[in-house]
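As they're listed, the protein sequences go chains A and B.
For the first sequence, our numbering begins at 12 and goes up steadily by one.
For the second sequence, our numbering begins at 12 and goes up steadily by one.
There are 2 protein chains.
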Amino acid sequence: MYAIGVDLGATFVKIGLVDNKGKVYFRRKIETPPGADKTLLIDSIVNNVKDVIKESGKQVYGIGIGVPGPVDSQKGIVHYFPNIKGWKEVPLKAILEKKLGLRVMLDNDVNAMTLGEFVFGAGKECDNLVCLTLGTGVGGGIIIDGKLYRGGSMTAGEIGHMPINETGPKCNCGGIACLERYVGNRYILERAKKAFGSNITLEALTSLAKSGNKKAVAIWTDVAEKLSVALVEVVNLLNPDKIVIGGGISKAGELILSPLKRQIRARAMKDQAKHVKIALAKLGADAGIIGASLLIKLK
Amino acid sequence: MYAIGVDLGATFVKIGLVDNKGKVYFRRKIETPPGADKTLLIDSIVNNVKDVIKESGKQVYGIGIGVPGPVDSQKGIVHYFPNIKGWKEVPLKAILEKKLGLRVMLDNDVNAMTLGEFVFGAGKECDNLVCLTLGTGVGGGIIIDGKLYRGGSMTAGEIGHMPINETGPKCNCGGIACLERYVGNRYILERAKKAFGSNITLEALTSLAKSGNKKAVAIWTDVAEKLSVALVEVVNLLNPDKIVIGGGISKAGELILSPLKRQIRARAMKDQAKHVKIALAKLGADAGIIGASLLIKLK
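Set out below in structure tokens:
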């Protein structure tokens with residue numbers, strides 16, 4: 012049995028044919044047309060999906076699509092994209108189903124990634140799982156009793172907007188002292204610039220820390236400590252089996268993971284801290300495609 | 012159809028016969044034998060349950076019991092009680108089933124109260140509900156997709172131990188800056204003593220605030236603001252339909268509720284804030300009995 016997974020991002024659209032073991036075939040990565048209007052972007056998805064199906068010669072059961080913004084996954088409507096203009100209450104599911112003649116399911120990208128890690132990645136064999144993506148934004152997905160939990164109005168999982176202090180910097184979301192405001196890419200880079208006196212990439216910051224540079228290590232440790240406050244909130248509230256961490260910043264690996272585990276052990280309640288495992292995501296660049304394809308298969 | 016609900020507390024044991032509409036008959040409230048050894052307390056429960064069943068003349072389907080401490084609700088084992096000595100890994104379900112010849116289910120008191128409010132109280136018609144009890148301790152219960160969510164090792168819902176700051180006072184649980192450390196009864200009373208120069212009860216503090224005393228109002232507003240930080244965490248993470256607040260402190264009513272709602276509207280993400288309702292618990296002193304009885308009926 013095969014499904015198509017589409018990972019729609021603000022920079023790239025990734026497409027692949029996925030089998031029922033999570034293996035990806037006929038990968039395709041295309042640039043999201045810059046400043047693309049809606050029609051152009053949709054046509055590009057449609058054409059590329061058709062090509063992949065044709066190339067593969069397989070019978071495809073449906074198309075799952077993960078998108079970078081809030082959706083109504085039941086009705087298949089995109090509310091809007093924070094980083095792609097011109098999308099407002101777009102019935103993407105209906106549009107694609109009409110153009111492709113196949114069943115289409117959509118969800119936001121973090122939920123798709125969470126499904127992927129839950130079924131085939133670092134979250135296998137967990138019933139209660141929290142996935143976290145660290146990048147420009149900080150997102151989260153929740154599996155409860157073996158099922159994706161979307162929340163009362165399909166906006167659950169906003170770990171990046173859990174406050175970690177009573178007072179603090181104002182966040183774009185309107186909140187105060189949100190986690191993202193401390194550990195989003197931009198804020199790490201700002202801190203690095205202050206520490207080193209010039210712009211420096213996250214990759215360079217990681218290399219420096221790995222070679223023992225104290226200022227760089229201190230920045231990553233601080234990121235991990237901020238992160239740990241939000242994750243102690245999650246661990247004591249949800250008592251999850253596992254927390255899986257993905258996204259760009261997670262490439263810092265043990266630089267974040269070690270202090271993070273130490274802090275959670277120190278601050279979370281004993282039983283919850285003992286129970287929860289903390290791990291890096293496993294599916295890497297394919298997470299989006301695989302997870303999106305599962306929107307079809309699991310349903 | 013009838014079940015018995017038992018609300019086992021450190022001070023009182025409450026027992027009642029409950030019908031399938033949540034109505035309580037043959038209420039009984041007995042003092043928990045002070046420094047009671049286990050056998051004495053269990054015998055007291057058994058005898059009183061037998062009496063209630065006999066008096067009622069009804070056919071009883073089973074006995075649900077809510078207890079003040081962590082349990083394995085599947086195996087029916089009490090891990091321990093923080094405020095009643097001598098209980099350690101007690102197979103209370105098996106003991107009571109043998110002595111009563113009826114099916115027994117147990118859970119912690121907050122989960123029982125949450126079930127009660129969900130089925131018959133302020134949380135009716137919500138699929139995703141969070142209940143909060145404010146008292147000496149601050150506890151929480153979670154309903155997800157219409158079902159009690161207990162967590163990976165049955166210790167979910169510890170809202171009282173979600174940190175609301177990176178740094179802050181140390182909590183009994185081993186954590187730092189836990190919500191309970193700011194809004195548990197004891198800490199409110201400490202603050203009141205400081206403000207008024209002498210010991211003052213929570214009831215007096217509420218009366219003073221209601222009559223416009225500025226120092227008293229300021230204390231309740233501060234309690235509400237601390238509470239709101241933890242609830243913004245909950246709202247952005249879980250996107251619940253409703254948050255129901257019970258327990259002693261909730262008697263302060265609007266003194267807490269108004270600033271709390273204002274803060275959540277101001278700080279939580281827009282869609283989540285708009286979606287969630289905040290309400291006081293409805294079942295009052297019967298919540299424990301009704302909720303416990305539902306452990307049987309709902310299974």
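Don't be surprised by glycine CBs; every beta carbon is placed ideally from N, CA and C.
Please read these numbers as outputs of a predicted model, since none were measured by experiment.
Where B:Tyr13 falls, given that 16 or more other Cβ within 10 Å makes a residue buried: Here residue 13 of chain B refers to the residue found at position 2 when the second sequence is read from its first residue. The residue is buried, with at least 16 neighbouring Cβ atoms inside 10 Å.
Nearest-angstrom beta carbon gap, A:Gly150 and A:Val121 [assumed within contact, 8 Å]: Against the first sequence, residue 121 of chain A aligns to sequence position 110. Against the first sequence, residue 150 of chain A aligns to sequence position 139. In this structure, A:Val121 and A:Gly150 form a Cβ contact; the two beta carbons are roughly 4 Å apart against a cut-off of 8 Å.
Span of the alpha helix (DSSP H), counted from its first residue to its last, around A:Met124: Here residue 124 of chain A corresponds to residue number 113 of the first sequence, with the count starting at 1. Unbroken alpha helix (DSSP H) run through A:Met124: Asp120 to Phe131.
Short CB-CB distance (under 9 Å) between B:Val240 and chain A: Here residue 240 of chain B refers to the residue found at position 229 when the second sequence is read from its first residue. For B:Val240, the closest Cβ of chain A is nearer than 9 Å.
Chain-ordered neighbours of B:Ala235 on chain A, where CB pairs are closer than 9 Å: As a working mapping, residue 235 of chain B is identified with position 224 in the second sequence. Ordered by position in chain A, no residue passes the 9 Å Cβ test against B:Ala235, which lies about 12 Å from the chain.
Paired residues, beta bridge with A:Phe92 - DSSP: Reading the first sequence from its first residue, position 81 is the one you call residue 92 of chain A. A:Phe92 is bridged to A:Ile95.
Segment contact flag, the region 248-260 of chain B with the region 157-169 of chain A, C-beta cutoff 8 Å, min 3 pairs: Using a C-beta cut-off of 8 Å, the region 248-260 of chain B makes contact with the region 157-169 of chain A, since at least three inter-stretch Cβ pairs fall below that distance.
Span separating the alpha-carbon of A:Gln85 from that of A:Leu305: Taking the first sequence and counting its residues from 1, the one referred to as residue 85 of chain A is at position 74. Taking the first sequence and counting its residues from 1, the one referred to as residue 305 of chain A is at position 294. Distance between the alpha carbons of A:Gln85 and A:Leu305 is about 15 Å.
For A:Leu190, three-class secondary structure by DSSP: To locate residue 190 of chain A, count along the first sequence from 1; it is residue 179. For A:Leu190, the secondary structure class from DSSP, reduced to helix, strand or coil, is coil.
Reduced DSSP secondary structure (H/G/I, E/B, other) of A:Ile56: Within the first sequence, the letter at position 45 stands for residue 56 of chain A. Secondary structure at A:Ile56: helix, using DSSP grouped into helix, strand and coil.
Cβ shell of B:Leu294 (< 7 Å), same chain only, five flanking positions each side left out: As a first step, residue 294 of chain B is located in the second sequence; it is residue number 283 there, counting from the start. Once the five neighbours on either side are set aside, the close Cβ partners of B:Leu294 are Gly127, Glu128, Phe131, Gly132 and Ile301.
Interface residues of chain B facing A:Glu42 [CB-CB closer than 7 Å]: Taking the first sequence and counting its residues from 1, one reaches residue 42 of chain A at position 31. Neighbours of A:Glu42 on chain B: none; closest Cβ ~31 Å, over 7 Å.
Nearest-angstrom Cα separation, counted from B:Ala123 out to B:Ala298: Within the second sequence, the letter at position 287 stands for residue 298 of chain B. Within the second sequence, the letter at position 112 stands for residue 123 of chain B. Spanning the alpha carbons of B:Ala298 and B:Ala123 requires a straight line of approximately 8 Å.
Interface partners of A:Val245 on chain B, CB under 9 Å: Walking along the first sequence from the start, residue 245 of chain A turns up at place 234. Met173, Glu244 and Leu248, listed in chain order.
Residues that A:Pro251 contacts on chain B, provided the C-beta gap is smaller than 8 Å: Taking the first sequence and counting its residues from 1, one reaches residue 251 of chain A at position 240. Taking the beta carbon of A:Pro251 as reference, the chain B residues within 8 Å of it are Gly162 and Gly163, listed in sequence order.
9 Å Cβ cutoff, A:Cys184 in contact with chain B: Along the first sequence, read from residue 1 onward, the residue named residue 184 of chain A stands at position 173. Residue contact with chain B for A:Cys184: present (Cβ-Cβ distance below 9 Å to some residue of chain B).
Terminal residues of the beta strand (DSSP E) in which A:Asp30 lies: Numbered from 1 along the first sequence, position 19 holds the residue referred to as residue 30 of chain A. Counting along the chain, the beta strand (DSSP E) containing A:Asp30 begins and ends at Phe23 to Asp30.
Start-to-end residues for the alpha helix (DSSP H) that takes in B:Leu111: On the second sequence, position 100 is the one that residue 111 of chain B refers to. Run containing B:Leu111: Leu103 to Leu111, per the alpha helix (DSSP H) assignment.
Simplified DSSP assignment, three categories, for B:Ala167: Indexing the second sequence from 1 puts residue 167 of chain B at position 156. Reduced to three states, the DSSP call for B:Ala167 is coil.
Under 9 Å between C-beta atoms of B:Ile26 and B:Val60: Working through the second sequence from its first residue, we reach residue 26 of chain B at position 15. Working through the second sequence from its first residue, we reach residue 60 of chain B at position 49. Going by beta carbons, B:Ile26 and B:Val60 fall inside the 9 Å limit.
CB of A:Leu52 within 9 Å of CB of A:Val24, strictly: Mapped onto the first sequence, residue 52 of chain A falls at position 41. Mapped onto the first sequence, residue 24 of chain A falls at position 13. Going by C-beta atoms, A:Leu52 is nearer than 9 Å to A:Val24.
Three or more C-beta pairs below 8 Å linking the region 35-45 of chain B and the region 106-116 of chain B: No: the two stretches stay apart, fewer than three of their Cβ pairs being nearer than 8 Å.
As assigned by DSSP and simplified to three states, the class of A:Ala277: Position 266 of the first sequence, counted from the first residue, corresponds to residue 277 of chain A. Helix.
Where A:Ile211 sits in the DSSP three-state scheme: Residue 211 of chain A sits at position 200 when you count from the first residue of the first sequence. For A:Ile211, the three-state secondary structure derived from DSSP is coil.
Which residues DSSP lists as bridging B:Glu42, in chain order: On the second sequence, position 31 is the one that residue 42 of chain B refers to. DSSP, once it has assigned bridges, lists B:Phe23 as partnering B:Glu42.
Boundaries of the beta strand (DSSP E) in which B:Val141 is found, first to last residue: Mapped onto the second sequence, residue 141 of chain B falls at position 130. Residue range Leu140 to Leu145 is occupied by the beta strand (DSSP E) that includes B:Val141.
Distance CB(B:Ala303)-CB(B:Gly16) smaller than 9 Å: Here residue 303 of chain B refers to the residue found at position 292 of the second sequence. Here residue 16 of chain B refers to the residue found at position 5 of the second sequence. Between B:Ala303 and B:Gly16, the gap from beta carbon to beta carbon is short of 9 Å.
Close-in-space but distant-in-sequence residues of the same chain around A:Thr147 (CB under 7 Å, 5 per side omitted): Within the first sequence, the letter at position 136 stands for residue 147 of chain A. Correct list, in chain order: Gly195, Asn196 and Arg197.
Proximity to B:Phe207 [Cα-Cα], best of B:Ile267, B:Ile187 and B:Ala229: Translated into the one-based positions of the second sequence, residue 207 of chain B becomes position 196. That would be B:Ala229, whose Cα lies nearest to the Cα of B:Phe207.
Euclidean distance between Cα positions of B:Ala21 and B:Ser269: In the second sequence, the residue the question calls residue 21 of chain B occupies position 10. In the second sequence, the residue the question calls residue 269 of chain B occupies position 258. Straight through space, the alpha carbons of B:Ser269 and B:Ala21 are spaced by roughly 32 Å.
Closer than 9 Å at the beta carbon, the chain A residues around B:Asp138: The residue labelled residue 138 of chain B in the question sits at position 127 within the second sequence. Residues of chain A passing the Cβ test: Gly163.
Chain A within 9 Å of B:Ile187, Cβ atoms only: Within the second sequence, the letter at position 176 stands for residue 187 of chain B. Yes, its Cβ sits closer than 9 Å to a Cβ of chain A.
Own chain partners of B:Ile289 with C-beta closer than 6 Å, once the 5 adjacent residues on each side are dropped: On the second sequence, residue 289 of chain B is found 278 positions in, with the first residue counted as 1. Excluding positions up to five away in sequence, the list reads Ile254 and Lys272.
A:Glu177 and B:Val240 closer than 9 Å at C-beta: Working through the first sequence from its first residue, we reach residue 177 of chain A at position 166. Working through the second sequence from its first residue, we reach residue 240 of chain B at position 229. Between A:Glu177 and B:Val240, the C-beta gap is smaller than 9 Å, which places the two residues in contact.
Selected residue, minimal CA-CA separation from B:His172, among B:Ser67, B:Asp156, B:Ile155 and B:Thr144: Taking the second sequence and counting its residues from 1, the one referred to as residue 172 of chain B is at position 161. Closest by alpha carbon: B:Thr144.
Where the alpha helix (DSSP H) containing A:Ala241 begins and where it ends: The residue given as residue 241 of chain A occupies position 230 in the first sequence. A:Ala241 -> alpha helix (DSSP H) spans Lys225 to Leu249.
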